[in-house]
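**Q** This is the structure I have questions about; it appears just below.
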Amino acid sequence: MRVTILAVGRSKDTAIDGLVESYRQRCPLLAPVVEVESRKPADDPGRRDDEARLLLSRLPSGATVVALDEHGRQFTSIGFAERLGAWRDQGVRDLALLIGGAAGHGGAVLERADLKLAFGTMTWPHMLVRVMLAEQVYRASTILAGHPYHRA
297 MRVTILAVGR SKDTAIDGLV ESYRQRCPLL APVVEVESRK PADDPGRRDD
347 EARLLLSRLP SGATVVALDE HGRQFTSIGF AERLGAWRDQ GVRDLALLIG
397 GAAGHGGAVL ERADLKLAFG TMTWPHMLVR VMLAEQVYRA STILAGHPYH
447 RA
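Put into structure tokens, the structure is as follows:
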């Protein structure tokens with residue numbers, strides 16, 4: 297299974313990019329982050345829909361889609377690993393993890409999502425969410441492999 301993080305916005309922070317890349321190097325499941333950026337102004341009411349269109353246009357064909365959403369399901373790390381393992385065992389070839397813009401996801405992404413995932417009730421900076429997602433995918437892969445990285 298290949299896991300792709302698709303994110304609204306361009307990273308301009310080499311420290312963030314380096315952290316994501318360090319998890320990507322350790323986790324063969326992780327593909328490079330795919331970034332999209334709307335040309336609509338931040339206050340344009342159509343921006344979320346434009347971001348949704350851009351994200352959906354970059355999905356791998358037939359991908360299972362997870363949208364990060366504040367109202368989504370929360371998992372423990374073990375529970376997330378079990379969910380990834382179940383998808384893997386069901387033959388899911390591509391998993392896409394979508395990070396929306398500052399205003400959240402447009403309706404088309406939420407409708408397309410096979411799962412809505414929340415990292416708790418706090419608001420997290422979008423660039424840090426990239427790192428957290430990459431780390432959790434890495435952690436899930438180590439849990440599934442029986443590696444001691446995760447300690448409960």
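Going by this note's numbering, the letters in the sequence shown line up with residues 297 to 448, in that order.
Idealized CB from N, CA, C, for every residue including glycine.
#1: Measure the Cβ-Cβ separation of D345 and R335 and say whether it is below 9 Å.
#2: Suppose the cutoff is 6 Å on Cβ atoms and the five residues either side in sequence are ignored; what does the same chain contact list for G368 look like?
#3: Put H422 into one of helix, strand or coil per three-state DSSP.
#4: So, for R384: in the same chain, excluding its five sequence neighbours on each side, which residues have a beta-carbon less than 6 Å away from its beta-carbon?
#5: Quick one, are the C-beta atoms of A398 and Y319 less than 9 Å apart?
#6: Are there three or more Cβ pairs, one per stretch, closer than 8 Å when the region 391 to 405 is compared with the region 434 to 441?
#7: Measuring CA to CA, which of V388, V316, S373 and G403 is closest to R447?
#8: For L364, collect the residues of the same chain with a Cβ closer than 6 Å to its Cβ; drop the 5 residues on either side in sequence, then sort them by chain order.
**A** Reading from the atomic positions:
#1: Mapped onto the sequence shown, residue 345 falls at position 49. Mapped onto the sequence shown, residue 335 falls at position 39. No, the Cβ-Cβ distance between D345 and R335 is not below 9 Å.
#2: In the sequence shown, residue 368 corresponds to position 72, counting from 1. Taken in chain order, the residues that qualify are K412, L413 and A414.
#3: Against the sequence shown, residue 422 aligns to sequence position 126. Here H422 sits in helix by DSSP.
#4: As a position in the sequence shown, residue 384 is number 88, starting the count at 1. M297.
#5: The residue given as residue 398 occupies position 102 in the sequence shown. The residue given as residue 319 occupies position 23 in the sequence shown. Note that the C-beta distance between A398 and Y319 is not below 9 Å.
#6: Too few Cβ pairs lie closer than 8 Å, so no.
#7: Counted from its first residue, the sequence shown places residue 447 at position 151. Closest by alpha carbon: S373.
#8: Along the sequence shown, read from residue 1 onward, the residue named residue 364 stands at position 68. Sequence-distant partners of L364 (beyond 5 residues in either direction) whose C-beta falls short of 6 Å from its own C-beta, in its chain, are I395 and L413.
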